[in-house]
Every structure is written in structure tokens, then in C-alpha cells.
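So the sequence shown is residues 7 to 124, counted in this note's numbering.
Presented below is the structure to which this report refers.
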Amino acid sequence: VQLQACGGGLAQAGGSLRLSCAASGVIFSVKAMAWYRQAPGKERELVADITHDGITDYADSVKGRFSISIDNAENTVHLQTNSLKPEDTAVYYCFLDGDLYGAALVYWGQGTLVTVSS
7 VQLQACGGGL
17 AQAGGSLRLS
27 CAASGVIFSV
37 KAMAWYRQAP
47 GKERELVADI
57 THDGITDYAD
67 SVKGRFSISI
77 DNAENTVHLQ
87 TNSLKPEDTA
97 VYYCFLDGDL
107 YGAALVYWGQ
117 GTLVTVSS
């Protein structure tokens with residue numbers, strides 16, 4: 007299984023970026039997908055997650071600004087980031103939570119860098 011993330015880059019404060027992550031080689035049930043981020047010198051944190059059924063959850067710091075969506079047919083997750091702030095600067099990682107006959111399977115993408123200038 008490979009998770010390929012794209013869409014990161016440089017944005018000005020107040021701007022937007024759309025991150026996407028496509029999972030390939032999936033032969034099991036996908037329970038949920040998520041986006042995490044890690045800023046320099048900080049721990050990795052959950053940004054948003056979404057279940058197969060479309061139930062979402064967001065970190066307080068991004069509520070009202072970011073929106074996560076999932077395409078179950080393509081095993082792809084998107085993160086629309088709006089009203090970006092310099093503190094959103096981080097490497098963003100996509101995450102997949104799957105299940106194969108009761109065994110939990112988790113996979114990480116390689117990360118995509120988001121830089122927000124003030």
C-alpha cells in the first residue's frame with residue numbers, strides 16, 4: 007500500500023491550499039483516513055479525520071478553516087485549507103486506518119510541506 011500526497015506549497019496568510027492523498031494497492035476495508043501535521047520542533051498532531059461513512063473531526067485550531075473529504079471509490083482524502091495562518095506551516099501527512107478480517111492496518115504518506123508566509 008502506498009499513500010501519495012500532493013498539493014502542498016507556499017501560500018500567503020489568508021490564502022488557501024488543497025491537499026490530496028491517494029492510496030493505492032488497497033485490498034482491505036478502509037475505516038478512516040486522516041491528515042496529521044508536524045511543525046519544526048513540535049510533535050505530530052492530528053489535523054482532521056474522516057470515517058468511511060463521512061463522519062469528520064477537526065483539531066480546534068483548524069475548525070471553521072479546514073475541510074476534510076473522502077472519495078471512497080478512489081481511496082483518496084482531501085484537505086481544503088482556507089484562511090491559512092503562519093502557524094499552519096508544517097509537513098502534512100496523510101494517514102489510512104484499515105481493517106483486514108479484524109486485523110488493524112495503518113499506513114502513512116510521505117508528507118507534503120505547507121509553508122504560510124505572513
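Think of the CB as a built atom: it goes at the ideal place given N, C-alpha and C, for glycine as much as any other residue.
Bear in mind the structure is a predicted one, so any value in this text is a computation, not a measurement.
Could you spell out where the beta strand (DSSP E) holding residue i opens and where it closes?
| i | result |
| --- | --- |
| Ser123 | 118-123 |
| Ala42 | Per the sequence presented here, residue 42 reads as Tyr, with Ala not at that position. That run of the beta strand (DSSP E) goes 35-44. |
| Gly15 | 15-18 |
| Tyr113 | 109-114 |
Just tell me which of the options has its CA closest to the CA of residue i.
| i | options | result |
| --- | --- | --- |
| Gln44 | Arg71, Thr95, Ala28, Phe101 | Thr95 |
| Glu49 | Leu102, Tyr98, Leu111 | Tyr98 |
| Gly60 | Ala38, Gly13, Arg71 | Ala38 |
| Phe34 | Leu111, Arg24, Leu9 | Leu111 |
| Ala28 | Gly13, Ala17, Gln18 | Gly13 |
| Ile74 | Glu93, Leu25, Ala19 | Leu25 |
| Gly70 | Asp77, Thr62, Ile76 | Thr62 |
| Gly21 | Leu52, Glu93, Gln10, Asp66 | Glu93 |
| Gly108 | Asn78, Ala65, Val36, Lys91 | Val36 |
| Ser30 | Asn78, Ser67, Ser124, Thr87 | Asn78 |
Helix, strand or coil, according to DSSP, for residue i in the structure here?
| i | result |
| --- | --- |
| Asp77 | strand |
| Arg24 | strand |
| Gly31 | coil |
| Gly104 | strand |
Say yes only if the C-beta of residue i is nearer than 8 Å to one or more non-hydrogen atoms of the ligand SAH, and no if none qualify.
| i | result |
| --- | --- |
| Val36 | The ligand SAH is not among the ligands present in this structure, which contains no ligands whatsoever. |
>> Quick check on the DSSP output: what are the complete beta strand (DSSP E) runs of length 3 or more inside the stretch 52-102, in order along the chain?
In response: Qualifying beta strand (DSSP E) stretches, in chain order: 62-64, 72-77, 82-87.
> Does the stretch 49-57 come close enough to the stretch 112-119 to have 3 or more Cβ pairs within less than 8 Å?
Replying inline: Verdict: no, contact absent.
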